[in-house]
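Visitor: Heads up: the sequence lines are chains W and C, in that order.
For what it's worth, this note's numbering labels the leading residue of the first sequence as 382, then goes sequentially.
For what it's worth, this note's numbering labels the leading residue of the second sequence as 382, then goes sequentially.
Protein chains: 2
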Amino acid sequence: MTVEPGRRERKKAATRQKIAGTALRLFLERGYDAVGIREVAAEADVAVTTLFAHFASKEALVFEQDAEFEQRLVRAATGRAPDEPLVPALRHEIRALVRHCTAESAAPVWQLIDTTPALRQYEESMRLRHAESLAAAIAADPGQGRTTTACRTIARFAIDAFALAREAADPEAAVDEVFRMIEAAWEVSGPSRPA
Amino acid sequence: MTVEPGRRERKKAATRQKIAGTALRLFLERGYDAVGIREVAAEADVAVTTLFAHFASKEALVFEQDAEFEQRLVRAATGRAPDEPLVPALRHEIRALVRHCTAESAAPVWQLIDTTPALRQYEESMRLRHAESLAAAIAADPGQGRTTTACRTIARFAIDAFALAREAADPEAAVDEVFRMIEAAWEVSGPSRPA
DNA sequence: ACCGTAGCACTAACGGTTAGCCTTTCGGAA
DNA sequence: TTCCGAAAGGCTAACCGTTAGTGCTACGGT
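1) Which residues of chain W have a Cβ atom closer than 7 angstroms to the Cβ of F538 (chain C), listed in chain order?
2) Could you name the residues of the same chain whose beta carbon sits closer than 8 angstroms to that of L409 (chain W), not counting the 5 residues immediately before and after it, in chain order?
3) By the 10 Å Cβ neighbour count, where 16 or more other Cβ atoms means buried, how is V416 (chain W) classified, buried or exposed?
4) Does the Cβ-Cβ distance between R527 (chain C) and S486 (chain C) come in under 8 angstroms?
5) Considering only C-alpha positions, which residue in the set W:L545, W:A499 and W:R501 is nearest to L478 (chain W)?
6) To the nearest angstrom, how far is the alpha carbon of R472 (chain C) from that of D557 (chain C)?
7) In chain C, what lies closer than 7 angstroms to S506 (chain W) by C-beta?
8) Restricting to Cα atoms, I'd like to know which of W:Q446, W:A441, W:M507 and W:A499 is closest to I540 (chain W).
9) Which residues in the same chain have their Cβ closer than 7 angstroms to the Cβ of R456 (chain C), if we skip the five residues on either side of it in sequence?
10) I need the straight-line Cα distance from S438 (chain C) to T431 (chain C), nearest angstrom please.
11) List the residues of chain W whose Cβ lies closer than 7 angstroms to the Cβ of V559 (chain C), in chain order.
12) What is the DSSP secondary structure of D541 (chain C), reduced to helix, strand or coil?
13) Any idea what DSSP makes of D426 (chain W), helix, strand or coil?
14) Taking the runs of the beta strand (DSSP E) that are 3 residues or longer, which of them lie wholly in the segment 508-552 of chain W?
15) Contact criterion: CB-CB distance below 8 angstroms. Does E390 (chain W) meet it with respect to chain C?
16) At a CB-CB cut-off below 7 angstroms, which residues of chain C make contact with A520 (chain W)?
17) Show which residues of chain C have a CB atom less than 8 angstroms away from the CB atom of I563 (chain W).
18) Quick one: which chain C residues come within Cβ less than 7 angstroms of A499 (chain W)?
19) Short of 7 angstroms in beta carbon distance, which residues of its chain neighbour A428 (chain C), apart from the five on each side in sequence? Order them along the chain.
20) Determine, for S438 (chain C), whether the minimum Cβ-Cβ distance to residues of chain W falls below 8 angstroms.
21) For A536 (chain C), count neighbouring C-beta atoms within 10 Å of its own C-beta (all shown protein chains included) and say buried if the count is 16 or more, exposed if not.
22) With a threshold of 8 angstroms between beta carbons, is L442 (chain W) in contact with chain C?
23) Say whether chain C places a C-beta atom closer than 8 angstroms to the C-beta of S514 (chain W).
24) In three-state terms, what does DSSP make of D447 (chain C)?
25) Secondary structure at E439 (chain C), three-state DSSP: helix, strand or coil?
26) Rounded to whole angstroms, what is the Cα-Cα separation between E424 (chain W) and R510 (chain W)?
27) Using a Cβ-Cβ cut-off of 8 angstroms, state whether G571 (chain C) counts as contacting chain W.
28) Cutting at 6 angstroms between CB atoms, please list the residues of its own chain near Y413 (chain C), excluding the five before and the five after it.
29) When burial is assigned at 16 or more other CB atoms within 10 Å of the CB, is R533 (chain W) buried or exposed?
30) Does chain W have any CB closer than 8 angstroms to the CB of G387 (chain C)?
31) List the whole-angstrom C-beta distance separating M562 (chain C) from A404 (chain W), where the pair is believed to meet the contact cut-off of C-beta under 8 angstroms.
32) Below 7 angstroms on C-beta distance, what does L471 (chain W) contact in chain C?
33) If the cut is a Cβ gap below 7 angstroms, which residues of chain W does A549 (chain C) touch?
34) As a quick exercise: from C:Q398, C:A555 and C:V468, pick the residue whose alpha carbon is nearest that of A441 (chain C).
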């Protein structure tokens, strides 16, 4: 599957990177709204249609790590030791993601996102997508006897934790705070007191 | 303040209603994407610019009750008896809102929303706005000793409850289920054991 | 060596949204 | 009562993201 980085794939990835890199640079230099798609395409030396072949929308240019982010969440739920409880595993991953996003180097990008309504909105719906994937991953785990609603609820709570922590004064502490609440919620949603 | 329903205000409200009504009718008849803004404006007999003076976007045409919805939530948190606990009050209001939205008469509209990506996304960000308002209302309540993060968390949970319940097979039961989790979360976020 | 397909380009257009500018009409102060 | 400022509405023209439609090129597997 992933064993064939043929020239084609490499070129495609290179084009994608070039577009995303150029776009991000321009956006950071002059502001998201002040830079048009046609301009990004020209600067990256590709056609507008090519740009949209790689990214579904202008906003998606900024969230290049979208898929990776989602995978990490899902793996945190599915790929854990059989006896490792779910919630702490989620907390650990969310913690890592928050740390990653609040790092010094990521500051300019997030500042751009936070100050651009279109990007904020896009990120919101992105999170919802991630929450749904996570919910599916949680529900897929056999022998955790929760309802679909409970799984979706916990998934949303976890994503909310990320969003809230990112905006909190002390992100790490905020993750712990929200996860204490999540832990409690998860407890009471437990497999209806197995007889 | 509200004591002057002058002719001006009435005309404005009438125009607004006429636009929203016309839009909704056309959308339901022929589908959201198949009806253009210019067409809605023409059918409502107003200029396109007038339409956008009343509604910030095409999507907003469908969510006319947006503000009312938000007010109900906020009032559920702020306008309750001094000794009435927060979470049950929220549950009651969310229950009512879910019942309202899953009513027979509202079915076509929600079916339209659920099958139109643009509307789904708009509703998501609308909910986030509502959650923020609710969080502010909760935090404003004196003597409930929670952190800002805890208030925002609970607010999001409540909004999530609405969203999840609306999509569940048994909405009312789903509200109760999620609110059992919320109640537990609210407990552990309690005012650090008041001395 | 060959063919199918995927990547990419170009042009044109569509549809939501806004800016600029003008007219009408109401509400309240003089 | 009169008059002015402001708000509502209108028209035109454009901007910008996004999407066909079409065709060319080059890579990858047979």
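Where is the CB? At the ideal position from N, CA and C, for every residue including glycine.
Guide: Let's see:
1) The answer, in chain order, is F538.
2) If we look at L409 (chain W) and ignore the five residues flanking it on each side, its Cβ neighbours are P489, V490 and L493.
3) A residue is called buried once 16 or more other Cβ atoms fall within 10 Å of its Cβ, and V416 (chain W) is buried on that count.
4) No. Outside cutoff.
5) Nearest C-alpha to L478 (chain W): W:L545.
6) Between R472 (chain C) and D557 (chain C), the C-alpha separation is close to 8 angstroms.
7) Neighbours of S506 (chain W) across chain C, judged by C-beta separation under 7 angstroms: Q502 and E505.
8) Of W:Q446, W:A441, W:M507 and W:A499, the residue nearest in Cα terms is W:M507.
9) Nothing listed; no residue qualifies.
10) Going from the Cα of S438 (chain C) to the Cα of T431 (chain C) covers about 12 angstroms.
11) In chain order: T530 and T534.
12) Note: D541 (chain C) maps to helix in three-state DSSP.
13) It is coil, neither helix nor strand.
14) No beta strand (DSSP E) of 3 residues or more sits fully in the segment 508-552 of chain W.
15) When Cβ-Cβ separations below 8 angstroms define contact, E390 (chain W) makes no contact with chain C.
16) Within chain C, no residue comes near A520 (chain W); the closest Cβ sits about 13 angstroms away, beyond 7 angstroms.
17) Result: A566.
18) Residues of chain C passing the Cβ test: none, with the nearest at roughly 11 angstroms.
19) Non-local beta-carbon contacts of A428 (chain C) in its own chain, meaning distances under 7 angstroms to residues more than five positions away in sequence, involve A422 in chain order.
20) Interface annotation, S438 (chain C): not in contact with chain W, CB-CB separation never under 8 angstroms.
21) Looking at its Cβ environment, which holds 16 or more other Cβ atoms inside 10 Å, A536 (chain C) is buried.
22) By this cut-off, L442 (chain W) is not an interface position.
23) For S514 (chain W), the answer is no, since every Cβ of chain C falls outside 8 angstroms of its Cβ.
24) Taken through DSSP and simplified to helix, strand or coil, D447 (chain C) comes out as helix.
25) Here the sequence assigns Lys to residue 439 (chain C), which means Glu is not the residue at that position. The DSSP-derived three-state label of K439 (chain C) is coil.
26) Approximately 31 angstroms between the Cα atoms of the pair.
27) No, no contact with chain W.
28) Taking Y413 (chain C) as the centre and dropping the five residues before and after it, the same chain places the C-beta of T497 closer than 6 angstroms to its C-beta, in chain order.
29) The residue is buried, with at least 16 neighbouring Cβ atoms inside 10 Å.
30) For G387 (chain C), the answer is no, since every Cβ of chain W falls outside 8 angstroms of its Cβ.
31) Wrong, their Cβ atoms sit about 40 angstroms apart, outside the cutoff.
32) None at all; the shortest Cβ gap to chain C is about 15 angstroms.
33) Per Cβ cutoff of 7 angstroms: T530.
34) Between A441 (chain C) and the set C:Q398, C:A555 and C:V468, the nearest pair of CA atoms involves C:Q398.
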